[in-house]
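Peer 1:
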Amino acid sequence: MQGLTDKVVIITGASEGIGRALAKAMAPLGCKLILTARNQARLDSLAQELAQMSHHTPLVISADISSPDSCQHIVDSAISHFGYLDIVVNNAGMTMWSRFDELEDLTILAKLMTVNYLGPAYLTHSALPHLKASQGQVVVVSSVAGLTGVPTRSGYSASKHAVMGFFDSLRIELADDNVAVTVICPDFVVSEIHRRALDGQGTPLGRSPMQESKIISAEQCAQMMLPAIAQRQRMMITSIRGRLGRWLRLLAPKLIDNIAKKAIAAGH
Numbered sequence: 000m001q002g003l004t005d006k007v008v009i010i011t012g013a014s015e016g017i018g019r020a021l022a023k024a025m026a027p028l029g030c031k032l033i034l035t036a037r038n039q040a041r042l043d044s045l046a047q048e049l050a051q052m053s054h055h056t057p058l059v060i061s062a063d064i065s066s067p068d069s070c071q072h073i074v075d076s077a078i079s080h081f082g083y084l085d086i087v088v089n090n091a092g093m094t095m096w097s098r099f100d101e102l103e104d105l106t107i108l109a110k111l112m113t114v115n116y117l118g119p120a121y122l123t124h125s126a127l128p129h130l131k132a133s134q135g136q137v138v139v140v141s142s143v144a145g146l147t148g149v150p151t152r153s154g155y156s157a158s159k160h161a162v163m164g165f166f167d168s169l170r171i172e173l174a175d176d177n178v179a180v181t182v183i184c185p186d187f188v189v190s191e192i193h194r195r196a197l198d199g200q201g202t203p204l205g206r207s208p209m210q211e212s213k214i215i216s217a218e219q220c221a222q223m224m225l226p227a228i229a230q231r232q233r234m235m236i237t238s239i240r241g242r243l244g245r246w247l248r249l250l251a252p253k254l255i256d257n258i259a260k261k262a263i264a265a266g267h
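Residue 41 in numbering that gives the first Met the number 0 sits at position 42 of the sequence shown, and the numbers go up by one each step.
1) Rank Val139, Tyr116, Leu34, Val74 by C-alpha distance to the C-alpha of Ile236 and give the top, closest one.
2) In angstroms, rounded to a whole number, what distance separates the CA positions of Gln200 and Lys6?
3) In whole angstroms, what is the alpha-carbon distance linking Thr35 and Lys253?
4) DSSP state of Ile107, grouped into three classes?
5) Which of helix, strand or coil does DSSP assign to Ala328?
6) Relative to the C-alpha of Val143, which residue among Ile107, Pro185, Leu173 is closest?
7) Compare the C-alpha of Ala161 against each of Thr147, Gly16, Glu101 and name the closest.
8) Okay, do the segment 126-139 and the segment 69-88 touch, 3+ Cβ pairs below 8 Å being the bar?
9) Given a cut-off of 8 Å, decide if Ser168 and Thr113 are closer than it, judged by their beta-carbon atoms.
10) Locate the beta strand (DSSP E) running through Cys30, then write down its first and last residues.
11) According to DSSP, is Gln222 helix, strand or coil?
12) Give the straight-line distance between the Cα atoms of Arg242 and Asp104, rounded to the nearest whole angstrom.
13) Let me make sure I understand the geometry here. Which of Leu173, Val188, Ser76 has the alpha-carbon closest to that of Ser141?
14) Once you ignore the five residues that flank Glu8 on each side, which residues in its own chain have a CB closer than 8 Å to its CB?
15) Around the C-beta of Ser14, are 16 or more other C-beta atoms found within 10 angstroms, so that it is buried, or is it exposed?
16) Cα-Cα, which of Asn38, Leu42, Arg37 is closest to Ala22?
17) How would you write the range of the beta strand (DSSP E) that Leu58 sits in, first residue to last?
18) Per DSSP, what are the beta-bridge partners of Met235 in this structure?
19) Tell me which residue opens and which closes the beta strand (DSSP E) that Ile10 is part of.
20) Short of 7 Å in beta carbon distance, which residues of its chain neighbour Arg231, apart from the five on each side in sequence? Order them along the chain.
21) Please indicate yes or no: does the CB of Arg170 lie closer than 7 Å to some heavy atom of the ligand ATP?
22) Along the chain, where does the alpha helix (DSSP H) that runs through Ile171 open and close?
Here it is as structure tokens:
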């Protein structure tokens, strides 16, 4: 895809789901990838897969984006290895699956905000001097839950609303530097994030509560993201439901509440 060849790209949350699928989609295009997540073994297995489809060997960094020092280390390592930086894809995230009135472990709210909002803010801050130099791009994977409220996902939705507000503000700040900000808002996607969703006690579910046969795959999502990234689009929403909901929320908010409620109940 035009516009991505030889681009140096950091992808967080690259060990699974959308991040892993995006790495596999970008590698054959000639991107020079920095893959980061906490799971070293899964990152190593991904790097081996990418070696079969790209001339560029990816840089693998096991790191936790909830730490500002770790985020700085990721960027410093990318610059040391490749010499420049074009795109940062803030993809890593976590979610919850519990009504708020059934939530027993309130630290879940802080965890969600740290990983989903502060992590991308930390990494973007470390990367900005280099992105300004390259007139590069910040990509953040938000969610349709960042556009409207979603029951049983209140803390997750709040963190994604924070992401939307932060990166919309940042886009305005960076306009004169010609640094693009692209926000991706997937609807439900088959991903490990659902199996790792925290219940009301703060324990991972261990299984997906979604009807995965009725939602898009991580690979489909990644393919939808590519043109949005290559064309430096402002926003991309993966579903018709999400695109319509953005406007219907202004005109018929109660209708959107009911749609969100039914979507969670149906698991897709």
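Using N, Cα and C, we set each Cβ at its ideal position, and we do this for glycine too.
Peer 2: Taking the coordinates as given:
1) Val139
2) 42 Å
3) 40 Å
4) helix
5) Lying before the first or after the last residue shown, residue 328 is absent from the chain, which here runs from 0 to 267.
6) Pro185
7) Thr147
8) yes
9) At least 8 Å separates the beta-carbon of Thr113 from that of Ser168.
10) Per DSSP, Cys30 belongs to no beta strand (DSSP E) and is neither H nor E.
11) helix
12) Separation of Arg242 and Asp104 (C-alpha to C-alpha, rounded to the nearest whole angstrom) is 33 Å.
13) Checked all of Leu173, Val188, Ser76; the closest Cα to Ser141 is Val188.
14) Checking the sequence, you will find Val at residue 8 rather than Glu. Excluding residues within five positions, the ones whose Cβ falls inside 8 Å are Met25, Cys30, Lys31, Leu32, Ile33, Asp85, Ile86, Val87, Val88.
15) buried
16) Minimum Cα distance to Ala22 is reached at Leu42.
17) 58-61
18) Ile183
19) 7-11
20) Gln136, Ala179, Thr181
21) The ligand content of the structure shown is nil, which means the ligand ATP is not present either.
22) 153-173
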